[in-house]
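Asker: So that we are looking at the same thing, I have put the structure below in structure tokens.
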Amino acid sequence: LMKMSTSTNNNGKEDVEIKEIRYYEPKLATRENTSNYGYFIDDQVHNPGLGIPFYKTVIEGSNYEDATWGNSCVVRTSQIHWRDDHTITWLERHMDMTQGFLVLGKHPGLFVLGEPTHNDVDDDTYKNSPDPDRIEVFIIPPGMGLILKKGTWHDFPVSCGPPVSAFILNSKEVVEALASMEKAEPMNHGDCFKLRLKDHFTDVTLKFCDPRPYVRKMGLVAAGSEAMPPQLLMGEEGYGLNMKRSEVVSGWSSSLSSSSSSSSSSS
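When we follow this note's numbering, the leftmost residue of the sequence shown carries the number 4, and every step to the right adds one.
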């Protein structure tokens, strides 16, 4: 898709800028189609056969050999709400740890993933930015997740309509680096190399397609259930849809007692 914009130059003439918009269609994540990006987590036991003798009814899986969070693994949760803008604004990577995401609750999450480029040709321009031809967008159902390989380009999970919660495995170094930022801008410290894509891809804008039709077709979200963001569900003041706060006049209960007493006397 091509987008055309015009601006007036110093000579009073219009300059026409044509910019490509590339859309990525969401696809259902599986162990096979996410293998270039990380280690898929579902209800299947990874590498079964670990010899722990205490429980005969348990199939024990071995550790993920390449998963690491250095010496400072930290875990937390986040809840992500719907956004109308489907532009892929940021992508980041980590070289010292394998960040993990597990989708919680009842709703799926959307993940933008780019294959690692740090082992590509010996050119910093290519090694230090994602390759638009090797970016994909995945829908991960609730109860499933992904442990990212080192160097995998990724953004934070995105809502597919309803709010989605995620359990996140990270390193203390990365979390502290992100939290230290005073505003949203590119960064390269604390094992977090984060790019604003418009600074690198000046002739193309990357977007993902609206995920709502896709998750409905996949049977992951019922039609209509994704349409009400939390501010509408709870109303503008947080008391419920169409509910307004109204202060009760002091002494209201005594007026009710008087009315009740009068009614009793007249009967």
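Here a beta-carbon is modelled for each residue, glycine too, at the ideal position from N, C-alpha and C.
Keep in mind that this is a model prediction, so the values were computed, not measured.
Ignore the nearest five residues each way along the sequence and tell me which others in Ile44's own chain have a CB closer than 8 Å to its CB.
Answerer: Answer for Ile44: Gly103, Leu105, Met147, Gly148, Leu149, Ile150, listed in chain order.
Asker: If we count the other Cβ atoms within 10 Å of its Cβ and call it buried at 16 or more, is Leu32 buried or exposed?
Answerer: Reading off the sequence, residue 32 comes out as Ala, not Leu. Ala32 is buried by the Cβ-count criterion.
Asker: Kindly indicate which three-state DSSP category Arg86 falls into: helix, strand or coil?
Answerer: In the structure shown, Arg86 sits in coil (DSSP, three-state: anything other than H, G, I, E or B).
Asker: Here's the rule I'm using: 16 or more other beta-carbon atoms within 10 Å means buried, otherwise exposed. How should Leu235 be labelled?
Answerer: Unreliable positioning characterises Leu235 in this predicted model, as indicated by a pLDDT of 46, which lies under 50. The coordinate reading is nonetheless provided below. It is exposed - the Cβ of Leu235 has fewer than 16 other Cβ atoms within 10 Å.
Asker: To the nearest angstrom, how far is it from the Cα of Phe159 to the Cα of Asn131?
Answerer: Approximately 19 Å, taken between the alpha carbons.
Asker: Beta carbon of Gly41, beta carbon of Asn50: below 8 Å?
Answerer: It is not a contact, given that the beta carbons lie outside the stated cut-off.
Asker: Quick check: the Cα distance between Glu23 and Ala70, rounded to an integer number of angstroms?
Answerer: So the alpha carbons of these two residues sit roughly 37 Å apart.
Asker: Where do the N-terminal and C-terminal ends of the alpha helix (DSSP H) with Pro133 fall, by residue?
Answerer: That residue, Pro133, is in no alpha helix (DSSP H); it is neither H nor E in DSSP.
Asker: Can the beta-carbon of Leu94 be found less than 8 Å from the beta-carbon of Pro145?
Answerer: No, these two residues do not count as a Cβ contact at 8 Å.
Asker: So, helix, strand or coil for Leu116, using DSSP?
Answerer: If DSSP states are grouped into helix, strand and coil, Leu116 belongs with the strands.
Asker: Check whether the Cβ atoms of Lys201 and Pro189 sit closer than 8 Å, and answer yes or no.
Answerer: In this structure, Pro189 does not lie closer than 8 Å to Lys201 by Cβ.
Asker: Within the same chain, show all residues whose beta-carbon is closer than 7 Å to that of Tyr129, passing over the 5 residues directly before and after it, in chain order.
Answerer: Excluding positions up to five away in sequence, the list reads Thr120, Asp123.
Asker: Among Leu172, Arg219, Tyr217, Asp213, which residue has its Cα nearest to the Cα of Trp85?
Answerer: Of the candidates Leu172, Arg219, Tyr217, Asp213, the one whose C-alpha sits nearest the C-alpha of Trp85 is Asp213.
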